[in-house]
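Asker: These protein sequence lines are chains F and A, in that order.
If you read the first sequence in the working numbering, its first letter stands for residue 201, the second for the next number, and so on.
If you read the second sequence in the working numbering, its first letter stands for residue 780, the second for the next number, and so on.
Think of the CB as a built atom: it goes at the ideal place given N, C-alpha and C, for glycine as much as any other residue.
The structure is given below, and queries will be raised subsequently.
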Amino acid sequence: MSKVEVRLTVNGAEYVRSVEPRYLLVDFLRRELGLTGTHIGCEQGVCGACTVLLDGQTARSCLHFAVQVSGSEITTIEGVSAEASLSPIQDAFHRNHALQCGYCTPGFVLTTVELLRQNPSPDETEIRRGLTNNVCRCTGYVNIIKAVAEAARSMPTGEG
Amino acid sequence: MAVPDRPGDDSWKIVGRSIPRREDAWLLTGQGCYIDDVPEPSNTLHLGFVLSSEAHARIVLIDAEEALALPGVIDVLTGEDIARLTRPIHTGFLLEGHRDTTRDAVAREKVRFVGEAVAVVVAENPYVAEDGVERVLVTYDPLPAAVALESAAGDDAPLVHEELGTNVVLESTFATEGLDEAFADATRIIKETFRTGRIAGVPMEPRGCLATTGRAGEELTMWTATQIPNIVKTALAKLLGHPESGIRVITPDVGGGFGTKAHFYPEELVCPALALKYGRPVKWIQDRREELLTNIHAREHIYTVEVGIDGDGAIVAMRCNMMANAGAYSSYPFGATLESVGGVRFILGPYHIRNYGYETRAVASHTCPAGAYRGTAQPTAMLAIEGMMDRIAREIGIDPAEARRRNLIKPEQLPYTTAVGTHYRTGSYSESLERALEMIGYEEFRTSQPPDRLVDGKYRGIGICCYTENSGMGVAAVRARGWSVLPGFDGALVRVASDGKVKAFISHAACGQGYHTSFAQIVADQLAVPFEDVSIVVGDTGLTPEGTNTFASRGTVTGGGAAVRACLVVAEKMKRIAAHVLEVSADDIVIENGVAMVQGVPDMRMTVREIAEVAYSLTSHVMPEGDDYGLEATDHYDAGMPTISNAVHVATVAIEPADGTVEVERYVVVHDCGRVINPMIVDGQIHGGAVQALGEVLMEELVYDDAGQLQNATLLEYSLPTALDVPMIDIEHIQSITDENPGGFKGLGEGGVIGGVPALTNAIADALAGIGANVNTNPLKPSRIAELIDAALESR
């Protein structure tokens, strides 16, 4: 199959690759760039494990062809914090035991980045609503909800 | 008797603390390495499986011509081709009444469920593998299918395995002496049938594996998303005819298992077989549709329970007749017995029931094989017994909590052996019930609950579950269940390096339990070294000792037990070395926080690092006479029969009469798993289990039609709980320490779901009791509840 050029800015760095037009964004990130923190859970946009920020908005990387989003800016879990450190959101997940197997976790963290950017001090209902696009099978959400609330309290407005 | 943690027992300093998990560091930052993240060599071949579209059919023709014509497709293999490279999967089960079945890794001649592999496409990349799968044309000659449990058990049902002459693949009966007489003495007899729907574990990460070979095919390394690497290794040796000493099975980070990954699956045989055939790495990654179609299913059960009670509501006799849908094949390593035998033996729970009998059957059908999903049969067994407790209360006009009080095993009855021979050493059955009722404000709830249960326009109810949880099975326990391919013991190798840092290699595999943290807490305490100095290796048969791995709430009991025992040997050696250097008796040495000192003479001291330097001959000191070099020990620990945890869950629900939707309003748990290693991790396990129970009760169900087509093999149609559905959960712990294992630990991984299913079901049943609805069939989806409400209101 013929290939097309895809140009993406991912976590601040620009990448140019030639891939098949049908190549999914999630495969581009994982297989072309080696950014394996973005996970594939259902390939139907239901579970949210593949959530990334696409031009600042959460998006399902399993539902986009890489070529469709050529020219965009992407943030993956690898770009949420500087190497070997945790962002306030990640730290709140850590302190509240808001992850177990960790497979859904990158998606939850990126969803929380967007949630707290849009609403820096959400109440519990707003947190729950903000998280419904992501499925976790381990934690029962209890500690994720707590972690997001704590992250909101600990973060200066606007910090991701 | 509930034994409190010994006052003054200060040997556990790090155990008992909610230390945030170590594994978070890599899992939170995208540095986790799950099966699809394991670096694949550039010459890796990728597999795609062609799955049967028929539940029961003869394979007439497999036409691979179009697939083979695709650039990048290397090969297409049928069941016959794979059979030339592998032996059929067979558990070789040792249990009377069990009819073992054999499964080809890829079907030959016949298919027996939708999703069974009929061919495998080998390609240069995963996209082309999928293209190839779509171009393999299979012609089937369809046959009638046996699908639903009761019809599959019928005399005229199509046979899944003709050579057996029946679909009943397990039959087992038991009765205590004098059971009929005990029933004859009962004041009243209550009978009910409970049905539960088929569900699945649905870990967020589907399965996958990557097999590589080296040194002219002698060495086979397989990464696989499993809970049981050692069981997989032994199975591969047998089924590939490859020397086991040349096989290494590694589990990378695993994205959830819940028991579904505690089975050996056909793809795990095909991948290494083809890696050996082609001499190239071979990889397969499962997608969600395959996950729902082919990973183990569970919980399609029917229990008919009959209790005889005395005038006070105490059970004087009980019978249970159970059936479980086993699916098309025996699962490996559990056979078809896991749920059917478990259900009738676990159902006694924390209750004093001396006269008991059961009949149980596992029934093969043209559906996905059934097996282990968190709790195995315990959630449904407890659903049945707890449903009976509520019915006893209703029958004689007492409160449901009181019915339980009158039947629970009393503290003075411990240690206690149940009617089926399960041994309960310690527990807190009454204490945990009373505390849970207090936490949720049970009396107040009951007092303010109107007879029709309608409060603010919603039916409101409260449900209780008192349960026991089987954990930590050792050799005797797996033999008693007939599991010939499970060893039963587990192993730990504890090694202090020359710099005093410790690494413990434990025969378990992590899929979210936090082993890198909780096992390190145990080892740090046992060696009296700082927590930061201990690291853990699990999930690599090339590094850890042999063992039985991770399922059935075994981890802390068997792995923790092995670690405690190995640490003891290392600690004694450290003391001998310190005593030798300091020229005192080893009895006078105490080790604290990484320093060995002479008791009462704190100036006479050596650090663990200095001791290790002696052990590795890096100083001028020599070893004590009789001691070899090195500072490590390996232990293989057999925990024997199960250790029994217990807990009580109480939930309140509000049901919207208009549409049958359920909101869980309050949820409390009083939990007793003996010594708690890391309360935060334990609470997380309870949360997760309880919410899986919520899914099981309110929304999850795998629906097969009469032809055996799975109607909802996507996450769009198989609903899972989200953050909007769940209650906050209040948890308290009671610690009834046991002396059955070296750490006083009891398992807990499954309890959340075991307690949650009955508590939530009973809360709904209670909410609908006012209008006279009888709740005996799960799941209780809104449509089902709306039907129950309509029917109840109509019949009034």
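Between L317/F and chain A, is any beta-carbon pair separated by less than 7 Å?
Answerer: Indexing the first sequence from 1 puts residue 317/F at position 117. The sequence shown places Arg at residue 317/F, not Leu. For R317/F, the answer is no, since every Cβ of chain A falls outside 7 Å of its Cβ.
Asker: Against chain A, with Cβ distances strictly below 7 Å, would A249/F count as a contact?
Answerer: In the first sequence, residue 249/F corresponds to position 49, counting from 1. Closer than 7 Å: yes.
Asker: For G1087/A versus I968/A, is the C-beta distance shorter than 7 Å?
Answerer: Residue 1087/A sits at position 308 when you count from the first residue of the second sequence. Residue 968/A sits at position 189 when you count from the first residue of the second sequence. Yes.
Asker: Alpha carbons only, please: which of L1539/A, H877/A, N1491/A and Y1195/A is nearest the one belonging to A1433/A?
Answerer: If you number the second sequence from 1, residue 1433/A lands on position 654. For the residues L1539/A, H877/A, N1491/A and Y1195/A, the minimum Cα distance to A1433/A belongs to L1539/A.
Asker: What I want to know is whether the C-beta of C301/F ends up closer than 6 Å to one or more non-hydrogen atoms of the ligand HEM.
Answerer: As presented, the structure is devoid of all ligands, the ligand HEM included, so that no description of it is given.
Asker: Tell me, which residues are paired with A1141/A by DSSP?
Answerer: Position 362 of the second sequence, counted from the first residue, corresponds to residue 1141/A. According to DSSP, A1141/A bridges with L949/A and A1103/A.
Asker: In chain F, what lies closer than 7 Å to G1154/A by C-beta?
Answerer: Counting from 1 along the second sequence, the entry for residue 1154/A is found at position 375. The premise fails here: G1154/A is roughly 14 Å from chain F at the closest Cβ pair, so nothing lies under 7 Å.
Asker: Flag T209/F as yes if its beta-carbon sits less than 7 Å from any beta-carbon of chain A, otherwise no.
Answerer: In the first sequence, residue 209/F corresponds to position 9, counting from 1. No, no contact with chain A.
Asker: Name, going along the chain, the residues of the stretch 1243-1266 of chain A whose beta-carbon falls closer than 7 Å to a beta-carbon of chain F.
Answerer: Listed by position, the residues of the stretch 1243-1266 of chain A near chain F (Cβ gap below 7 Å) amount to none.
Asker: Which residues, taken in chain order from the stretch 793-815 of chain A, show a beta carbon closer than 9 Å to some beta carbon of chain F?
Answerer: Against chain F - using a Cβ distance shorter than 9 Å - the residues of the stretch 793-815 of chain A are S797, P799, R800, E802, D803, A804, W805, L806, L807, T808, G809, Q810, G811, C812, Y813 and D815.
Asker: Among residues of its own chain, excluding the 5 on either side of P786/A, which ones have a beta-carbon nearer than 8 Å to its beta-carbon?
Answerer: Within the second sequence, the letter at position 7 stands for residue 786/A. Bear in mind that a pLDDT of 38 at P786/A, under 50, signals an unreliable position, so the number given afterwards is only what the model happens to contain. Taken in chain order, the list of residues that qualify is empty.
Asker: Have a look at L989/A and R1258/A and give me their C-alpha separation to the nearest angstrom.
Answerer: Mapped onto the second sequence, residue 989/A falls at position 210. Mapped onto the second sequence, residue 1258/A falls at position 479. Looking at the two C-alpha atoms, the distance is approximately 32 Å.
Asker: Looking only at C-alpha atoms, which of A1544/A, I1390/A and A1472/A sits nearest to H1359/A?
Answerer: Along the second sequence, read from residue 1 onward, the residue named residue 1359/A stands at position 580. H1359/A has its Cα closest to that of I1390/A, out of A1544/A, I1390/A and A1472/A.
Asker: Taking only beta-carbon atoms, is C1290/A less than 7 Å away from chain F?
Answerer: For the purposes of this step, residue 1290/A is taken as residue 511 along the second sequence, with counting starting at 1. It does; some Cβ of chain F falls within 7 Å.
Asker: What residue does the alpha helix (DSSP H) around P1158/A start on, and which one ends it?
Answerer: For the purposes of this step, residue 1158/A is identified with residue 379 of the second sequence, where counting begins at 1. P1158/A -> alpha helix (DSSP H) spans Q1157 to I1175.
Asker: Let me check one thing: in DSSP terms, what residues is A954/A bridge-paired to?
Answerer: Here residue 954/A corresponds to residue number 175 of the second sequence, with the count starting at 1. Beta-bridge pairing links A954/A to G1136/A.
Asker: Which residues, taken in chain order from the stretch 1034-1049 of chain A, show a beta carbon closer than 7 Å to some beta carbon of chain F?
Answerer: Going along the stretch 1034-1049 of chain A in chain order, one finds G1034 and G1035 with a Cβ nearer than 7 Å to chain F.
Asker: Does DSSP put P905/A in a helix, in a strand, or in coil?
Answerer: Residue numbering aside, residue 905/A sits at position 126 when the second sequence is read from its first letter. Helix, per DSSP.
Asker: Spatial neighbours of P1008/A within its chain, please: C-beta separation below 8 Å, excluding the five flanking residues on both sides.
Answerer: Along the second sequence, read from residue 1 onward, the residue named residue 1008/A stands at position 229. Closer than 8 Å at Cβ, skipping near neighbours: V1028, I1029, T1030, A1288, G1318, D1319, T1320 and N1328.
Asker: According to DSSP, simplified to helix, strand and coil, what is A965/A?
Answerer: Numbered from 1 along the second sequence, position 186 holds the residue referred to as residue 965/A. Note: A965/A maps to coil in three-state DSSP.
Asker: Name the one or two DSSP bridge partners that F828/A has.
Answerer: The residue given as residue 828/A occupies position 49 in the second sequence. Beta-bridge pairing links F828/A to V899/A.
Asker: Identify, in the order they occur along the chain, each residue of the same chain with its Cβ nearer than 6 Å to the Cβ of S1354/A, setting aside the five sequence neighbours on each side.
Answerer: Numbered from 1 along the second sequence, position 575 holds the residue referred to as residue 1354/A. In the sequence as displayed, the identity of residue 1354/A is Lys instead of Ser. Answer for K1354/A: A1365 and I1368, listed in chain order.
Asker: With 16 as the cutoff for other CB atoms within 10 Å, does D1545/A come out buried or exposed?
Answerer: For this step, residue 1545/A is matched to residue 766 along the second sequence. D1545/A comes out buried.
Asker: Which chain F residues sit within Cβ distance under 8 Å of I1007/A?
Answerer: For the purposes of this step, residue 1007/A is identified with residue 228 of the second sequence, where counting begins at 1. Per Cβ cutoff of 8 Å: no residues; I1007/A is ~16 Å from chain F at best.
Asker: Spell out whether any CB of chain F is found under 7 Å from the CB atom of A1466/A.
Answerer: Numbered from 1 along the second sequence, position 687 holds the residue referred to as residue 1466/A. This sequence places His at residue 1466/A; Ala is not what is there. Yes, H1466/A lies at the interface with chain F (some Cβ there is under 7 Å from its Cβ).
Asker: What ranges does the alpha helix (DSSP H) occupy inside the stretch 274-328 of chain F, keeping only unbroken runs of at least 4 residues that lie completely in it?
Answerer: Those alpha helix (DSSP H) runs which fall completely within the stretch 274-328 of chain F and span 4+ residues are 288-295 and 305-318.
Asker: Bridge partners of L1361/A, per DSSP?
Answerer: Position 582 of the second sequence, counted from the start, is the residue given in the question as residue 1361/A. None, per the DSSP bridge assignment.
Asker: Measure the beta-carbon distance from V900/A to S831/A and round it to whole angstroms, keeping in mind my assumption that it falls under 8 Å.
Answerer: In the second sequence, the residue the question calls residue 900/A occupies position 121. In the second sequence, the residue the question calls residue 831/A occupies position 52. V900/A to S831/A, Cβ: 15 Å. No contact.
Asker: Spatial neighbours of V1447/A within its chain, please: CB distance less than 7 Å, with the 5 preceding and 5 following residues excluded, ordered by chain position.
Answerer: In the second sequence, counting from the first residue as 1, residue 1447/A sits at position 668. Excluding positions up to five away in sequence, the list reads A1215, M1218, I1219, V1429 and D1509.
Asker: Can you name, in chain order, every residue of its own chain whose Cβ lies under 6 Å from the Cβ of G851/A, other than the five neighbours on each side?
Answerer: Position 72 of the second sequence, counting from 1, holds the residue named residue 851/A. Counting only Cβ-Cβ distances below 6 Å, and skipping sequence neighbours, we find A902, E903 and V907.
Asker: What does G212/F touch in chain A if you count any residue whose Cβ is under 9 Å from its own?
Answerer: Here residue 212/F corresponds to residue number 12 of the first sequence, with the count starting at 1. Correct list: empty, because the minimum Cβ distance to chain A is about 15 Å.
Asker: So, is the C-beta of G360/F closer than 7 Å to a C-beta in chain A?
Answerer: Position 160 of the first sequence holds residue 360/F. Confidence at G360/F is low in this model, with a pLDDT of 48, below 50, so its placement is unreliable and no value can be given for it.
Asker: Just mark E997/A as buried or exposed, buried being the case when its beta carbon has 16 or more other beta carbons within 10 Å.
Answerer: Here residue 997/A refers to the residue found at position 218 when the second sequence is read from its first residue. Its Cβ having fewer than 16 others within 10 Å, E997/A is exposed.
Asker: Among the residues of its own chain, which have a CB less than 7 Å from the CB of L1127/A, if the five just before and after it don't count?
Answerer: Reading the second sequence from its first residue, position 348 is the one you call residue 1127/A. Excluding sequence neighbours, L1127/A sits near Y1135, T1197, A1198 and V1199.
Asker: Tell me where the beta strand (DSSP E) around Y1238/A begins and ends.
Answerer: The residue labelled residue 1238/A in the question sits at position 459 within the second sequence. Y1238/A -> beta strand (DSSP E) spans K1237 to S1250.
Asker: Is P288/F close to chain A? Criterion is C-beta to C-beta, closer than 7 Å.
Answerer: In the first sequence, counting from the first residue as 1, residue 288/F sits at position 88. Not closer than 7 Å to any Cβ of chain A, the Cβ of P288/F fails to qualify, so no.
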